[in-house]
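Working notes, structure below.
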Amino acid sequence: MKKVLFVCLGNICRSPAAEGIFRKFVEEEGLSDKIKIDSAGTNGLHDGEDADPRMKKAAIERGYQLTSKSRKIMKRDLVQFDYILAMDSSNKENILSLGDGEFDDKVELMLNYSKKHKGEEVPDPYYGGAQGFNHVIDLLEDSCKNLLNEVKASF
Ligand code: 4NP
Numbered sequence: 737m738k739k740v741l742f743v744c745l746g747n748i749c750r751s752p753a754a755e756g757i758f759r760k761f762v763e764e765e766g767l768s769d770k771i772k773i774d775s776a777g778t779n780g781l782h783d784g785e786d787a788d789p790r791m792k793k794a795a796i797e798r799g800y801q802l803t804s805k806s807r808k809i810m811k812r813d814l815v816q817f818d819y820i821l822a823m824d825s826s827n828k829e830n831i832l833s834l835g836d837g838e839f840d841d842k843v844e845l846m847l848n849y850s851k852k853h854k855g856e857e858v859p860d861p862y863y864g865g866a867q868g869f870n871h872v873i874d875l876l877e878d879s880c881k882n883l884l885n886e887v888k889a890s891f
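Right, here's the structure in full:
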């Protein structure tokens with residue numbers, strides 16, 4: 737079993753989308769029993785909430801169901817998960833600050849799995865228009881595909 741955690745700030749836009757997209761790819765490959773998937777946020781401000789309705793709508797239109805409830809990332813997530821994907825550098829710093837360095841190698845920027853956008857950040861769509869949510873899905877589809885290949889190769 738490999739465990740993959742997607743992390744953004746509020747856990748209502750970017751990381752729920754990453755979770756939903758990755759889950760669909762994993763299901764399509766028949767790997768749901770072998771890969772555990774979850775998402776979390778670093779600020780906990782939206783604890784217990786569904787994904788943002790704008791993110792849900794954009795995702796549904798592309799064939800992805802977002803079912804996550806927002807939760808704050810905890811120190812024990814660093815122990816439990818094998819892959820921890822941060823949507824931006826600030827998320828990454830906040831994740832790393834939870835630990836004492838022991839688990840730093842598990843934490844990566846999501847777009848390091850994108851060929852075209854390597855090293856870039858998934859922009860926060862919260863304060864923008866519909867186009868921002870679609871752009872997030874474009875970036876995540878590309879990187880989720882490559883991430884899944886890497887996870888498969890690790891079995
Ligand atoms: P997310 O977007 O990090 O992609 O879930 C945000 C959602 C809410 C807030 C910030 C970012 N907020 O501060 O309320």
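For our numbering, count along the sequence shown from 1 and bump the result up by 736. Glycine is no exception: its CB is placed at the ideal position from the N, C-alpha and C atoms. Quantities reported herein were computed from a predicted structural model and do not represent experimental measurements.
Taking the C-alpha atoms as reference points, what is the distance between residue i and residue j?
i: Leu876; j: Asp783; result: 23 Å
i: Asp860; j: Lys811; result: 24 Å
i: Tyr863; j: Glu829; result: 22 Å
i: Gln816; j: Glu755; result: 17 Å
The beta strand (DSSP E) with residue i in it runs from where to where?
i: Val740; result: 738 to 744
i: Ser775; result: 771 to 777
i: Val858; result: Here Val858 belongs to no beta strand (DSSP E), and DSSP marks it neither H nor E.
i: Ile820; result: 819 to 822
i: Glu844; result: 843 to 845
So, using beta-carbon positions, are residue i and residue j closer together than 9 Å?
i: Ile831; j: Leu814; result: yes
i: Thr778; j: Lys808; result: yes
i: Cys744; j: Ser775; result: yes
i: Ala787; j: Ile820; result: no
i: Arg790; j: Phe742; result: no
i: Val858; j: Asp818; result: no
i: Leu802; j: Tyr849; result: no
i: Lys852; j: Phe761; result: no
i: Ala794; j: Ala866; result: yes
Identify, in the order they occur along the chain, each residue of the same chain with its Cβ nearer than 7 Å to the Cβ of residue i, setting aside the five sequence neighbours on each side.
i: Gly780; result: Lys808
i: Asp836; result: none
If I follow the unbroken alpha helix (DSSP H) through residue i, where does it start and stop?
i: Leu832; result: 825 to 832
i: Ala795; result: 789 to 797
i: Gln867; result: 866 to 889
Which same chain residues end up closer than 8 Å to residue i when comparing Cβ atoms and leaving out the 5 residues on each side of it in sequence?
i: Glu785; result: Ile748, Lys805, Ser806
In chain order, what residues of the same chain have a beta carbon less than 6 Å from the beta carbon of residue i, not counting five sequence neighbours either side?
i: Ser751; result: Phe742, Val743, Cys744, Ser775
i: Tyr800; result: Gly756, Ile757, Lys760
Q: For ligand 2, enumerate in chain order all residues having a CB closer than 7 Å to any of its heavy atoms.
A: Ligand 2 is not part of the structure shown, which contains ligand 1 as its ligands.
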